[in-house]
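Working notes, beginning with the structure itself.
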Amino acid sequence: MLALGGVPHADLPDGVQQVRLKLLERAADGREAPRDVSAWAAVVASNLAMDWHRARRRQERLGERLAELWRETTDEDGAESRALSMAVAQGLGELPDAQRQVVVLRFYADLPVRAIAAELGIPEGTVKSRLHTAVRLLRARLHEGEVV
Numbered sequence: 005m006l007a008l009g010g011v012p013h014a015d016l017p018d019g020v021q022q023v024r025l026k027l028l029e030r031a032a033d034g035r036e037a038p039r040d041v042s043a044w045a046a047v048v049a050s051n052l053a054m055d056w057h058r059a060r061r062r063q064e065r066l067g068e069r070l071a072e073l074w075r076e077t078t079d080e081d082g083a084e085s086r087a088l089s090m091a092v093a094q095g096l097g098e099l100p101d102a103q104r105q106v107v108v109l110r111f112y113a114d115l116p117v118r119a120i121a122a123e124l125g126i127p128e129g130t131v132k133s134r135l136h137t138a139v140r141l142l143r144a145r146l147h148e149g150e151v152v
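Read left to right, the sequence shown gives residues 5 to 152 (our numbering).
Next comes the structure, spelled out in structure tokens:
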């Protein structure tokens, strides 16, 4: 199912292990085994293949953004772009860990709020609140340094 879903051959063993891990997690949670394990595994494998494609698209978009940023920093306004990049990096370093984590996951890894909440095991509202606070702090930091 993973191969049919377009997962590259090199990634298939990892996908199979993830399917097995899902079955073990199900057993560890005390849930009964699926009536048809092969059908259940096919659904899980299909979901993993979709997740693989989504992650690949996110990585491609991130690569495109980084390439665009690189092009921007090599043009005639490169000094200004580099100064902005340095100010953002410094501002990120000053954020509390919880806020920095959601900013990086949202804007650099391009994860949606729902995925960030699921990954961190926190409510979506908490993710939104942390993002709002972090962006406000970064914006204030950039304005006080007159970078923007």
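Yeah, the Cβ is synthetic: ideal placement off N, Cα and C, and Gly gets one too. Keep in mind that this is a model prediction, so the values were computed, not measured.
query	result
Nonlocal neighbours in the same chain, by C-beta distance under 7 Å from His-57, ignoring five residues either side	Gly-10
CB of Glu-98 within 9 Å of CB of Arg-145, strictly	yes
Counted within 10 angstroms of its Cβ, other Cβ atoms place Leu-8 as buried (16 or more) or exposed	exposed
Below-9 Å beta-carbon distance, Leu-28 vs any chain D residue	Among the chains in the structure shown there is no chain D, since it carries only a single protein chain.
Extent of the continuous alpha helix (DSSP H) to which Val-106 belongs	101 to 107
Identity of the residue in Leu-142, Asp-33, Ala-138 and Arg-118 nearest Gly-129 by Cα	Arg-118
Start-to-end residues for the alpha helix (DSSP H) that takes in Leu-27	16 to 32
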